[in-house]
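Per the working numbering, the sequence shown runs over residues 7 to 204.
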Amino acid sequence: GWAVDPDLATKGLEIHAYVNGPAGDSKARGVNLGYATVARPDVAKVHPGAGPAHGFDVTIKEPALGTHVVYVYAIDAKAPGNNVLLGSKTVTVTEPKVPVAPPVDQPTSSASLGSVQRLRAKRLGRSAVVVRWQHVPGHTAYRVRILRPSKRAWVSTTKNHLRVATKATRIKVAIRAVGQTGQGPVVRRTIRVAARSR
Numbered sequence: 007g008w009a010v011d012p013d014l015a016t017k018g019l020e021i022h023a024y025v026n027g028p029a030g031d032s033k034a035r036g037v038n039l040g041y042a043t044v045a046r047p048d049v050a051k052v053h054p055g056a057g058p059a060h061g062f063d064v065t066i067k068e069p070a071l072g073t074h075v076v077y078v079y080a081i082d083a084k085a086p087g088n089n090v091l092l093g094s095k096t097v098t099v100t101e102p103k104v105p106v107a108p109p110v111d112q113p114t115s116s117a118s119l120g121s122v123q124r125l126r127a128k129r130l131g132r133s134a135v136v137v138r139w140q141h142v143p144g145h146t147a148y149r150v151r152i153l154r155p156s157k158r159a160w161v162s163t164t165k166n167h168l169r170v171a172t173k174a175t176r177i178k179v180a181i182r183a184v185g186q187t188g189q190g191p192v193v194r195r196t197i198r199v200a201a202r203s204r
């Protein structure tokens, strides 16, 4: 939004928001959105003497799910003054949508990603190893499973490495790249790793 005080046209106004009630309501949660100083050339055209720095664009964090009413006010530059209600809006907060990778054990007709290459392992200490691999273009995640020394469940990661707690000198890994258009083939490799860090 934007706000201009005709009495001090060039000054950026402070903007306040209230959630679930107007200003003065004891049940409302107040949020200071800072000053309206974002460039708005359209405002400068309507108020030539004010200049463009009168806009604001702020995201309010609301932890409670459900419907909320948000009231936004421009604070009068000359206190105490007449704080102006710029508007109110009803919003609905829902659970964020988390993308879920397709099941690894079920092939997909849209599989188009390349296979994971250059798997290697490096010991971080006596009881930890990091497994690394080459980045696959177009991926959104990798699905990794350690088959040896102990069989572990599939793990999803957006990084191209995975830390494993083990003292083993051979690690058997199953891995595939997953993307929005499908998933690549499962690659299985047995990787040698030094007995201790150097």
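Beta carbons are placed, not taken as given, at the ideal position from N, Cα and C, and that holds for glycine.
Using a C-beta cut-off of 8 Å, the region 179-194 makes contact with the region 141-155, since at least three inter-stretch Cβ pairs fall below that distance.
Under a 10 Å Cβ-count criterion, E20 is classified as buried, with 16 or more other Cβ atoms of the shown protein chains found around its own Cβ.
Rounded to whole angstroms, the gap between the alpha carbons of G57 and P12 is 12 Å. In summary, V135 is buried, with 16 or more beta-carbon neighbours lying within 10 Å of its beta-carbon over all protein chains present. For V10, there is no enclosing beta strand (DSSP E), as DSSP marks it with neither H nor E.
The beta carbon of V37 lies closer than 8 Å to those of H22, A23, Y24, V25 and I66 in the same chain, with the five residues before and after it left out. For Q123, the closest C-alpha among the options V49, A45 and H141 is that of H141. Per DSSP, K33 lies in no alpha helix (DSSP H) segment and is marked neither H nor E. Fewer than three beta-carbon pairs drawn from the region 85-105 and the region 31-50 are found closer than 8 Å, and the two stretches are therefore not classed as touching. With at least 16 other beta carbons inside 10 angstroms of its own, A127 counts as buried.
A check of alpha carbon separations from A50 across Y41, K17 and V75 identifies K17 as the nearest. Listed in chain order, the alpha helix (DSSP H) elements of length 4 or more contained wholly in the region 21-97 are 47-52. Exclusion of the five residues before and after K95 leaves V76 as the residues of its chain whose Cβ lies within less than 6 Å of its Cβ.
Excluding residues up to 5 positions away in sequence, R198, V199 and A201 lie with their Cβ nearer than 7 Å to the Cβ of T175 in the same chain.
In this structure, V137 sits near V179, with a CB-CB distance shorter than 8 Å.
A buried status is given to V170, since no fewer than 16 other beta-carbon atoms sit within 10 Å of its beta-carbon. About 13 Å separates the CB atoms of A80 and H53; that is not less than 8 Å, and the two are not in contact.
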